[in-house]
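Here the numbering used here = 1-based position in the sequence shown + 10.
Each residue gets a CB set at the ideal place from its N, CA and C atoms; glycine is no exception.
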Amino acid sequence: MYSRQFDPFDINASFKKALFQKINPLTKDIITYCNISQIVQNLRDSAEVQIRQQEIQVFNQANRWKKKGLSIVPMKFGISWLGVNYGVNVYVYAGDGTVAVTHSGIEMGQGLNTKVAQVCAYELGIPISMINVKASNSIIGANSVTTGGSITSESCCQGVVNCCQDLLQRMAPVKAKITDPTWLKIVQECAVEGIDLVARSWVAPVSKDVFQYYSYGATCSEVEVDVLTGEHQISRVDILYDCGESMNPAVDIGQIEGSFVMGIGYWMTEELKFDPQTGQLLTNSTWEYKPPLGKDIPVDFRVNLLKNAPNPLGVLRSKAVGEPPMCMSCSVLFAAKHAVESARQEIGQLDYFRLDGPATTEYLQDACLVDPSQLLIQ
């Protein structure tokens, strides 16, 4: 049997050697611009980890049927551009100077169109109100890859940058001839001179490494478990995420929150059950299958982006956000396990035990080893 009687973060030499590597042991890529050490330390300070660990210890000693646990999880997530193909078109209309953008990504709530419009306005130097992002279809998106992998937004934004730079280069000679040039004057004069005001970019980046760059982050989760029922509540979650130079902090923080909550369902509630004879899915409705709901969200949810961390290897110095934060949601499972460990220690059970995900209510309750003989009235 194996038991863990220490905090991995206190084993400085071995932990740092494993976490803060300079070469990817699998791909042999050199890891550049790695700031995970700074992120972990900043999170430990901002989340007041040492103070809260002491408070949790006092709480657990004073409460038999409610236990708390805390867990920190660092993350390194490789972002690959291999096999990426996205088409982007930017159309400038001479009548009023408005701009339409089409791209082969699919807006599904991740803020893709918002970022595309922002980047277009930024590159052309015009108000975002003049930008209209049109819906994608199989003509616009011919031969493009699927939307996913946390890379579609930045890839389409790179395509917009390429198109806008192309257009500005075409407009430059005309702009130089106009006194007090405005956007509308430049566009209309370009139309008179027969300059093409439509630009297209095919984004198919080539990278010598498997991963273009790495996204880093760290999460601290605190969970309270009801020993008698197995119900749990996520009291607080602190996330510090390296998003590079975020194109839109509001969108990116929303993506981090949503991705993390999706992971909460994966690790804590969404259990799949099948008939052992027929293979039929038994958890085919929310009566049995439990995606996270409003009350599953952390009571205190603190998400921050790492400051002053531009990414030289990303689009406009940004980093992808979407899938990476989900990887840190396992901290909720680990925090719940620490709470269960405290309950087991109170009855002298110190041996290692497995707590697989999803750690649903019944599994948490069962792991606490409650026996009727323990239910005494004093």
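#### Entry: Beta-carbon proximity list for Ile33, same chain, < 8 Å, skipping 5 on both sides
So the qualifying residues of the chain are Asp39, Ile40 and Ile41.
### Check whether Ser81 and Ser341 have beta carbons under 8 Å apart
At the C-beta level, Ser81 and Ser341 come within 8 Å of one another.
### Whole-angstrom C-beta distance between Thr124 and Ile150, which should lie under 8 Å
Actually they are not in contact, since the Cβ atoms of Ile150 and Thr124 sit about 18 Å apart, beyond 8 Å.
### Message
Given a cut-off of 8 Å on the beta-carbon distance, is the pair Tyr226 and Leu323 in contact?
### Response
No. Outside cutoff.
### Query
Would you report the Cα separation of Leu394 and Phe284, rounded to the nearest angstrom?
The requested residue 394 does not occur in the structure, where the chain is confined to residues 11 to 388.
#### Entry: Boundaries (first-last residue) of the beta strand (DSSP E) holding Trp212
Note, Trp212: beta strand (DSSP E), Val208 to Val213.
### Query
Ordered along the chain, which non-local residues of its own chain (more than five positions away) have a Cβ less than 6 Å from that of Gly121?
Answer for Gly121: Val261, listed in chain order.
### Task
Compute the beta-carbon to beta-carbon distance between Thr239 and Thr371, rounded to the nearest angstrom, for a pair I have assumed lies under 8 Å.
About 7 Å separates the two Cβ atoms, so the contact holds.
### Of the residues Gly115, Leu53, Asn172 and Ser47, the one placed nearest Val247, counting alpha carbons only
The residue with the shortest Cα to Cα distance from Val247 is Leu53.
### Unbroken beta strand (DSSP E) run spanning Leu315, endpoints
Here the beta strand (DSSP E) through Leu315 covers Asp310 to Leu315.
#### Entry: Validate contact between the stretch 326–333 and the stretch 163–170 using beta carbons, cut 8 Å, 3 pairs
Yes: at least three Cβ pairs fall under 8 Å.
### Task
Go through its chain and collect everything with a Cβ distance to Ile196's Cβ below 7 Å, but skip five positions before and after it.
Its chain contains Met181, Val184, Lys185 and Ile188 as the residues whose beta carbon lies nearer than 7 Å to that of Ile196, once the 5 sequence neighbours on both sides are disregarded; these appear in chain order.
### Query
Among residues of its own chain, excluding the 5 on either side of His348, which ones have a beta-carbon nearer than 7 Å to its beta-carbon?
Excluding sequence neighbours, His348 sits near Gly79, Leu80 and Ser81.
### Task
Take Gly158 as the anchor and find which of Gln128, Asn142 and Met118 has the nearest alpha-carbon.
Nearest option by C-alpha distance: Met118.
### Collapsed DSSP secondary structure at Phe284 in the structure displayed
In this structure, Phe284 counts as strand in the three-state DSSP scheme.
### Query
Taking all protein chains shown into account, do 16 or more other C-beta atoms lie within 10 angstroms of the C-beta of Glu58, making it buried, or fewer, making it exposed?
A residue is called buried once 16 or more other Cβ atoms fall within 10 Å of its Cβ, and Glu58, having fewer, is exposed.
### Query
Across which residues does DSSP place Met85 in a beta bridge pair?
Beta-bridge pairing links Met85 to Gly227.
### Query
How about Val170 and Val100: do their beta carbons lie closer than 8 Å?
Between Val170 and Val100, the gap from beta carbon to beta carbon is short of 8 Å.
### Task
Hey, could you find the ends of the alpha helix (DSSP H) Arg54 is sitting in?
Looking at the DSSP string, the run of the alpha helix (DSSP H) that includes Arg54 is Ile46 to Ser56.
### Task
With a threshold of 16 other CB atoms inside 10 Å of the CB of Val98, please say whether the residue is buried or exposed.
Label assigned to Val98: buried.
### Query
In whole angstroms, what is the alpha-carbon distance linking Leu177 and Leu315?
Across the structure, Leu177 and Leu315 are spaced so that their CA atoms are roughly 33 Å apart.
### Message
Short of 6 Å in beta carbon distance, which residues of its chain neighbour Gln243, apart from the five on each side in sequence? Order them along the chain.
### Response
Excluding sequence neighbours, Gln243 sits near Glu234.
### Task
Check whether the Cβ of Lys185 lies closer than 7 Å to any heavy atom of the ligand COA, and answer yes or no.
With respect to the ligand COA, the structure shown offers nothing to examine, as it has no ligands at all.
### Query
Looking at the structure shown, is Gly273 part of a helix, part of a strand, or coil, going by DSSP?
Gly273 falls in the helix class under three-state DSSP.
### Rounded C-alpha distance that separates Glu203 from Met140
Roughly 23 Å separates the two Cα atoms.
### Task
Look up Asp176 in the DSSP assignment and say whether it is helix, strand or coil.
Here Asp176 sits in helix by DSSP.
#### Entry: Limits of the beta strand (DSSP E) - the one that Asn99 falls within
Tyr96 to Val102 is the span of the beta strand (DSSP E), which, as asked, contains Asn99.
### Message
In the DSSP assignment, the alpha helix (DSSP H) including Ala349 goes from what residue to what residue?
### Response
For Ala349, the uninterrupted alpha helix (DSSP H) run begins and ends at Cys340 to Gln355, by DSSP.
### Message
Can you tell me whether Tyr43 is helix, strand or coil according to DSSP?
### Response
Correct three-state label for Tyr43: coil.
### Message
At the level of alpha carbons, what is the spacing between Ile116 and Asn142?
### Response
Approximately 15 Å between the Cα atoms of the pair.
### Task
Starting from the C-beta of Lys300, find all residues in its chain whose C-beta is less than 7 Å away, skip the five residues before and the five after it, and write them out in chain order.
Non-local C-beta neighbours of Lys300 in its own chain, meaning closer than 7 Å and more than five positions away in sequence, comprise Thr279 and Glu280, ordered along the chain.
### Query
What residue from Pro191, Ile66, Pro137 and Pro84 has the CA that sits closest to Ala346's CA?
If we check each option's Cα against that of Ala346, Ile66 comes out closest.
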